[in-house]
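Since the structure comes first, as structure tokens, the remarks are kept for the end.
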Amino acid sequence: MRVGLPLGAAAVAAAVTAALTMTSAGATTASASPTVKPATSSASLTELTDRVAGALASDKDFKKAAKTKDTKGTTSSSSSSSSSSATASGSGTVSPMIIGGTGTSISSAPWMAQLWYYDDKGTSDTGDDLGFFCGGAVVAPTKILTAAHCVKGYDWHAYGAVVTGTDQLPTTDSSGNTDLHGGTVSGVWRQWNHPSYNATTIDNDIAVLTLPSPVRATPIRMTTSDDSASYTGTAARSAKVYGWGRTSSTSGDISQTLRTATLPIQSDSTCSGAYGSDFVAGHMVCAGNPATGSDTGTTATCNGDSGGPLVVGNRIVGVVSWGVQNCVAKGAYSVFSKVRTYVGAAYPRIDDTNLSGDHKADLFVREHSTSTGYEKDSKGTSFASRVSWGSFSGYNTILQTALDRDGYQDFVLRRSSDGAVFWLHYIPTTQSWSRKEIATNWSTRKFIVAPGDVTGDYLPDLLSVDSSGILWIYPGKGDGTFAARVEVGSGWGQYNSLRGHGDFDGDGKADLIARQSGTDDVYLYRGTGKSGSGAFASRVKVRSGWTGYNAFDAVGDVTGDGKADFLARTPGGTLYLYPGTGKATSEIFATRISVGTGFQAYDIWG
62 MRVGLPLGAA AVAAAVTAAL TMTSAGATTA SASPTVKPAT SSASLTELTD
112 RVAGALASDK DFKKAAKTKD TKGTTSSSSS SSSSSATASG SGTVSPMIIG
162 GTGTSISSAP WMAQLWYYDD KGTSDTGDDL GFFCGGAVVA PTKILTAAHC
212 VKGYDWHAYG AVVTGTDQLP TTDSSGNTDL HGGTVSGVWR QWNHPSYNAT
262 TIDNDIAVLT LPSPVRATPI RMTTSDDSAS YTGTAARSAK VYGWGRTSST
312 SGDISQTLRT ATLPIQSDST CSGAYGSDFV AGHMVCAGNP ATGSDTGTTA
362 TCNGDSGGPL VVGNRIVGVV SWGVQNCVAK GAYSVFSKVR TYVGAAYPRI
412 DDTNLSGDHK ADLFVREHST STGYEKDSKG TSFASRVSWG SFSGYNTILQ
462 TALDRDGYQD FVLRRSSDGA VFWLHYIPTT QSWSRKEIAT NWSTRKFIVA
512 PGDVTGDYLP DLLSVDSSGI LWIYPGKGDG TFAARVEVGS GWGQYNSLRG
562 HGDFDGDGKA DLIARQSGTD DVYLYRGTGK SGSGAFASRV KVRSGWTGYN
612 AFDAVGDVTG DGKADFLART PGGTLYLYPG TGKATSEIFA TRISVGTGFQ
662 AYDIWG
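Just so we're aligned: 593 in our numbering is position 532 of the sequence shown, and the numbers increase by one with no gaps anywhere.
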């Protein structure tokens, strides 16, 4: 039986340079302090702990729809009720754990997260309680990568809790006190699962949970779309999986402590040979040696491991997705979502900080006549009515960014009078804004760009082009400070526009869009995830003679489909949205969509 790998609660219960500074800014320039709706979970610390305890104590099996199959790959339909309570947990989801693994510590896998879900249905009858457990990985301070079958159809904001910073599962004593064993519990602000997730086939099985505040756990990176070595090279033979799942096919108990196992990644042909059409090559990857039919000689994921990471070279290459019932059927392999395929869709969720707090990038503009800044929230293919952020006078550059990845939109501002550059960021604990000077004397910088993570370390960077046309990277440290600048190369002064925020070609790396002076041809510079001269691949012309526009903006994924989009304004004030396609060709954008007129009133675009 193929089952997703979350775990039912009953089983759980059984178991920069001198030019860059970081000083307080005492400038006289206006500094807006708009009201921000805080990121929230729906519960207090006590309530979150109670959710964990409820999931631990719940005796409601959480079953998922699945297909039965023999080890030759033939399948037949099966209702969700046919899923074993030890292997299934949730409507359309299943939980796995590691059989044949060994214990490991949180210091070896500091990014591991426990996902607890508990809904008592608002009744006194415990028989209808819904509780289950999945694994996950911290991929940014407020982001958890997991499986879609652990997320789709469940309200994690209302009923979920995430525990990080511990290798032990929680325990509850006879007095009802819950011990997190040094872990930290967080609520969930919002959730995303791949829009094409199919609960019947368990395809496109990947999701991201956003937490209301950063956790201290050290993040781990997803692999990139051009990574083939992790799946076929020597390193693929030593892929490691982590989780708290079942440790035996004959018991529903899961491991109280974190476990790991080495599972060599298998070829698509091997996986298809074992599972037939249930294995979707390109979307899935299987790993491990063929199971023996019993615990002896088998190393495999099992119930409770769902959503956990498969790691090669300290990058996530797979997310635990599904397996066979009881996990050890002869010839079976553990199956994972292939992260290489999904990083393009998932990365915008990792770098999705925006003004309204949803999964779509919003627009910030400044009105020329009043110097008032306005927020215009994305509605997918249009923008909502503008919301005032107050005066932004005295600046000639305003960029939306998220230098500290705390879940709130930040701004990089350049002062007109002296070229000083500031980081304006929101502090949730005091519900106030703080402004820090991060650079001095940047008056002659032709462009400043905040594209997100350029160097591949999941920390947002800052770029600038100096008066000589040299492009520099200022590698971010994740706290509004920067390492020493690194030269990318010269010749960047030939452009009349340089914009970028997010991933335009779908490979999970930040890119740039440049327009040539004179011809107005538009070029894509594909990010490589590296620093220095190799930070961007050779330019690709994606548009010829874009002469009909006089302002551009790139704020990320406006439509919410996982692809970075582009905005262009005509001299007459009509603003067009160019939806991204993820293609690094002349088809990089779909047909433009008019999102309104009157935009000639704005002189600065975030």
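Just so you know, even glycine gets a beta-carbon here, dropped at the ideal spot from N, CA and C.
- Taking a C-beta distance under 7 Å as the contact criterion, Arg298 and Ala222 do not qualify as a contact pair.
- About 4 Å separates the beta carbon of Tyr637 from that of Arg653, a gap short enough to meet the 8 Å contact definition.
- In this chain, the beta strand (DSSP E) harbouring Cys347 covers Met345 to Ala348.
- For the set Gly593, Arg401, Tyr408 and Glu436, the Cα lying nearest the Cα of Asn415 is the one of Glu436.
- The beta carbon of Pro632 sits closer than 6 Å to the beta carbons of Asn611 from its chain, once the five residues preceding and following it are set aside; these are given in chain order.
- A Cβ-Cβ separation of about 7 Å places Ser558 in contact with Ala575 under the 8 Å criterion.
- Spatial neighbours of Ser528 in its own chain (CB-CB distance under 6 Å, excluding positions within 5 residues in sequence) are listed in chain order as Thr505.
- If you look at His486, you'll find it in the beta strand (DSSP E) that goes Val482 to Ile488.
- Secondary structure at Arg401: helix, using DSSP grouped into helix, strand and coil.
- The beta carbons of Ser291 and Asp228 sit about 25 Å from each other, so the pair does not count as a contact at 8 Å.
- A direct Cα-to-Cα measurement between Thr360 and Gly517 gives close to 32 Å.
- When DSSP reads this structure, Trp494 sits in a beta bridge with Tyr487.
- Close CB contacts of Asp582 within its chain, under the 8 Å cut and outside five residues either way in sequence, are with Arg576, Lys602, Arg604, Ser605, Gly606 and Trp607 (chain order).
- Between the C-alpha atoms of Ile411 and Ala544 there is a straight-line separation of about 22 Å.
- For the pair Glu498 and Arg475, the Cα-to-Cα distance works out to about 10 Å.
- As the crow flies, the alpha-carbon of Ser599 is around 10 Å from that of Thr589.
- Excluding its 5 nearest sequence neighbours in each direction, Leu520 has C-beta neighbours in its own chain below 7 Å: Asp514, Gly537, Lys538 and Gly539, listed in chain order.
- Pro275 sits close to Thr203, with the two beta carbons spaced by under 7 Å.
- Judged by DSSP in its simplified three-state form, Trp172 adopts coil rather than helix or strand.
- Under the Cβ criterion (8 Å, minimum of three pairs), the region 379-399 counts as touching the region 321-334.
- In this model, Lys440 and Gln461 are separated by some 18 Å (Cα to Cα).
- Using a Cβ-Cβ distance cut-off of 8 Å, the region 234-244 and the region 199-214 are not in contact, since fewer than three pairs of beta carbons, one from each stretch, lie closer than that value.
- The continuous alpha helix (DSSP H) containing Tyr292 extends over residues Ala290 to Thr293.
- In this structure Ala208 touches Gly368 by the C-beta definition: roughly 4 Å separates them, less than 8 Å.
- Per DSSP, reduced to three states, the secondary structure at Ala407 is helical.
- Closest in alpha carbon position to His429, among Gly634, Ala198 and Gly115, is Gly634.
- In the structure shown, Arg476 adopts extended strand secondary structure according to DSSP, grouped into three states.
- Counting C-beta pairs closer than 8 Å gives three or more between the region 561-570 and the region 608-627, which meets the contact rule.
- Around the beta-carbon of Ser382, 16 or more other beta-carbon atoms lie within 10 Å, marking it buried.
- Apart from the 5 residues on each side of it in sequence, Asp264 sits with its Cβ closer than 6 Å to the Cβ of Val341 and His344 in its chain, given in chain order.
- Looking from the CA of Ala219, the closest CA among Gly192, His255, Pro256 and Ala596 belongs to Gly192.
- By the Cβ-count criterion, Gln175 is buried, with 16 or more other Cβ atoms from all chains shown falling within 10 Å of its own Cβ.
- Shortest Cα-Cα distance from Thr658 to any of Ala104, Ala645, Phe650 and Ala629 involves Ala629.
- For Phe565, the secondary structure class from DSSP, reduced to helix, strand or coil, is coil.
- DSSP places Phe453 outside both helix and strand once states are collapsed to three, so it counts as coil.
- Nearest neighbour of Asn502 by Cα position, chosen from Ser185, Pro325, Ala481 and Pro489, turns out to be Ala481.
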